[in-house]
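Numbering (the working numbering), first residue to last: 1 to 115.
Just so you know, even glycine gets a beta-carbon here, dropped at the ideal spot from N, CA and C.
Let me begin by presenting the structure, written as structure tokens, before commenting on it.
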């Protein structure tokens, strides 16, 4: 039974590979620059829309600003999604911090996180 499920997963991946790549290209083309506040909300909505289309219950949660930051400069949203139906309920979250081209502006964190 476990091997059958794995074969189903591999078949799904093979059948939807082009679609997944197209969506990845679309996501990567969004001009998000966290330190400048560019397209952050739009990207969170893009991610939440894709998760909703897959059947997840989704929340876009405003993240509180770090100490010393104004609420608008550090409040990057977090997308939380839960799959509450099916054989194994699951949750997924997505968040990014300071994806900046070139040198990082003073006070901006570097890297990103997905959990």
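Exposed or buried, what is residue i when buried is set at 16 or more other beta-carbons lying within 10 Å of its beta-carbon?
i	result
residue 80	buried
residue 56	buried
residue 85	exposed
Quickly, what does DSSP pair residue i with across the bridge? List them, please.
i	result
residue 61	78
residue 38	33
Return helix, strand or coil for residue i, following the three-state DSSP convention.
i	result
residue 51	helix
residue 24	helix
residue 6	helix
Taking residue i as the reference, give the member of the options with the closest Cα.
i	options	result
residue 39	84, 77 and 21	77
residue 83	62, 61, 60 and 51	51
residue 47	20, 36 and 35	20
residue 53	35, 23, 31 and 15	23
Given 8 Å, three or more beta-carbon pairs between the stretch 38-54 and the stretch 20-30: yes
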